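Residue numbers (the working numbering): 78 to 463.
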């Protein structure tokens with residue numbers, strides 16, 4: 078049977094879709110969704126359950142019940158009674174009086190009384206991942222087919238939101254694993270190799286004591302210098318681990334923190350110039366990518382450049398796009414002779430810039446320094462309000 082919708086109904090569903098896409102957190106999306114479902118179906122109460130990996134209810138978001146009432150009810154439902162029927166049978170359920178259904182398990186203490194029920198499964202790729210529930214139809218004895226179809230459409234949006242949230246979590250977990258692998262490689266290439274070199278020098282020192290005692294001092298001095306470098310590298314890696322983030326709410330502030338950490342750890346002269354409004358041009362994933370690029374670039378400066386001065390610039394406009402630049406006066410390198418010999422830092426910078434559709438410029442000359450510029454074109458940024 079084809080359900081007919083009024084213009085007002087369609088407008089409400091469109092507004093619901095827009096509202097859902099404006100939220101980033103799954104909890105926020107689910108709360109908006111049950112609010113919309115309750116309004117569209119004319120219900121007193123609405124709720125949505127989300128199943129965890131173990132098949133049990135892991136999230137239960139309600140609308141129409143106050144926080145105080147939720148607290149009095151206690152634990153979220155276990156998925157028994159009529160809720161269990163919805164979870165296991167995967168079919169919609171409409172009842173004029175749920176208390177008369179023999180499958181009903183009743184209500185826990187302090188639960189508000191409810192009569193009519195509409196339950197719709199939330200299905201993704203043929204698998205039940207949750208349920209939408211509405212109770213107490215207003216201005217009617219029971220929910221009708223039109224209510225069911227409306228809530229089913231909202232259930233489809235809920236399924237997309239839940240799966241998107243889970244995919245985002247998986248991607249963030251993968252990103253953390255990739256960062257761990259990168260740091261492990263850096264430790265192997267940097268700290269472990271230096272410590273190994275110190276061990277060899279100290280072994281040589283034992284032999285030198287016997288044949289040329291006057292040369293031992295130079296060997297020990299070199300070993301001490303190498304150990305100081307190891308300490309500096311380890312401090313840098315610790316900062317690197319602390320700075321692993323999954324979102325950046327204040328990119329200018331995060332850039333300043335990176336710069337201050339570099340200054341404290343290296344005693345370099347660090348200059349920072351950031352345009353606060355430029356951050357408003359970026360989506361969350363773009364801000365996060367630029368943060369990690371700045372982090373990689375500054376880590377490279379601290380570990381390899383032997384610079385005394387570094388500058389970080391972040392600026393942008395709706396017309397010109399957004400640009401991040403990191404420039405130092407260090408040792409530099411020959412960009413025409415780096416094929417196959419890039420460090421992990423530069424490779425990560427290139428990969429992140431490519432993934433976000435940004436133009437990357439690396440300008441470096443031996444003995445002069447290095448400048449890295451990441452430019453996100455105007456077509457890929459948001460407009461500024463006002």
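Glycine included, every Cβ here is placed at the ideal spot set by N, Cα and C.
All of these numbers come straight from a predicted model, not from anything done at the bench.
>> Taking only three categories from DSSP, how would you classify residue 400?
In response: The residue labelled residue 400 in the question sits at position 323 within the chain shown. DSSP places residue 400 in strand when its eight states are reduced to three.
>> Are the CB atoms of residue 134 and residue 143 within a distance shorter than 7 Å?
In response: Translated into the one-based positions of the chain shown, residue 143 becomes position 66. Translated into the one-based positions of the chain shown, residue 134 becomes position 57. Their beta carbons are not under 7 Å apart, which means residue 143 does not touch residue 134 by this criterion.
>> I need the straight-line Cα distance from residue 433 to residue 220, nearest angstrom please.
In response: As a first step, residue 433 must be located in the chain shown, where it is residue number 356. As a first step, residue 220 must be located in the chain shown, where it is residue number 143. When rounded, the distance between both Cα atoms is 47 Å.
> So who's on the other strand from residue 208, going by DSSP bridges?
Replying inline: By 1-based counting over the chain shown, the position of residue 208 is 131. Answer is 126 and 198, bridged to residue 208.
>> Taking 7 Å as the threshold (C-beta atoms), are residue 435 and residue 451 in contact?
In response: One-based indexing of the chain shown puts residue 451 at position 374. One-based indexing of the chain shown puts residue 435 at position 358. Yes; because the gap between Cβ atoms is below 7 Å, this pair is in contact.
>> Quick check: residue 211 and residue 180, are their CB atoms within less than 7 Å of each other?
In response: On the chain shown, residue 211 is found 134 positions in, with the first residue counted as 1. On the chain shown, residue 180 is found 103 positions in, with the first residue counted as 1. Against a cut-off of 7 Å, the Cβ pair of residue 180 and residue 211 comes out as no contact.
>> Let's see if you can read the secondary structure: which residues bound the beta strand (DSSP E) around residue 447?
In response: What you label residue 447 is simply residue 370 of the chain shown in a count that begins at 1. Taken as a continuous stretch (DSSP letters only), the beta strand (DSSP E) holding residue 447 covers 446–453.
>> Can you tell me whether residue 134 is helix, strand or coil according to DSSP?
In response: Here residue 134 refers to the residue found at position 57 when the chain shown is read from its first residue. Three-state DSSP puts residue 134 in a strand.
> residue 272: buried (16+ other C-beta within 10 angstroms of its C-beta) or exposed?
Replying inline: Locating residue 272 in the chain shown gives position 195, counting from the first residue. Flag for residue 272 reads exposed.
>> Using the Cβ count rule (16 or more neighbours within 10 Å means buried), how would you classify residue 345?
In response: Translated into the one-based positions of the chain shown, residue 345 becomes position 268. Flag for residue 345 reads buried.
>> Given this structure, state the Cα-to-Cα distance separating residue 188 from residue 123, to the nearest angstrom.
In response: The residue labelled residue 188 in the question sits at position 111 within the chain shown. The residue labelled residue 123 in the question sits at position 46 within the chain shown. Distance between the alpha carbons of residue 188 and residue 123 is about 14 Å.
> Which of the three DSSP states, helix, strand or coil, is assigned to residue 382?
Replying inline: The residue labelled residue 382 in the question sits at position 305 within the chain shown. Reduced to three states, the DSSP call for residue 382 is helix.
> Which residue from 393, 350, 424 and 240 puts its Cα closest to that of residue 199?
Replying inline: Position 122 of the chain shown holds residue 199. For residue 199, the nearest C-alpha among the options comes from 240.
> Span of the beta strand (DSSP E) holding residue 152?
Replying inline: Along the chain shown, one-based indexing puts residue 152 at 75. Element bounds for residue 152: n/a, residue is neither H nor E.
> Going by Cα to Cα distance, which pick from 445, 355 and 289 is closest to residue 383?
Replying inline: The residue given as residue 383 occupies position 306 in the chain shown. Of the candidates 445, 355 and 289, the one whose C-alpha sits nearest the C-alpha of residue 383 is 445.
>> Using a 10 Å radius around the Cβ and a threshold of 16 neighbouring Cβ atoms, would you call residue 109 buried or exposed?
In response: Taking the first residue of the chain shown as 1, we reach residue 109 at position 32. Per the 10 Å Cβ criterion, buried.
> Does the segment 348–363 come close enough to the segment 376–394 that 3 or more CB-CB pairs lie under 8 Å?
Replying inline: yes
>> Which of the three DSSP states is assigned to residue 237 in this structure?
In response: Stepping through the chain shown from its first residue, residue 237 is reached at position 160. In the structure shown, residue 237 sits in a helix (DSSP, three-state: H, G or I).
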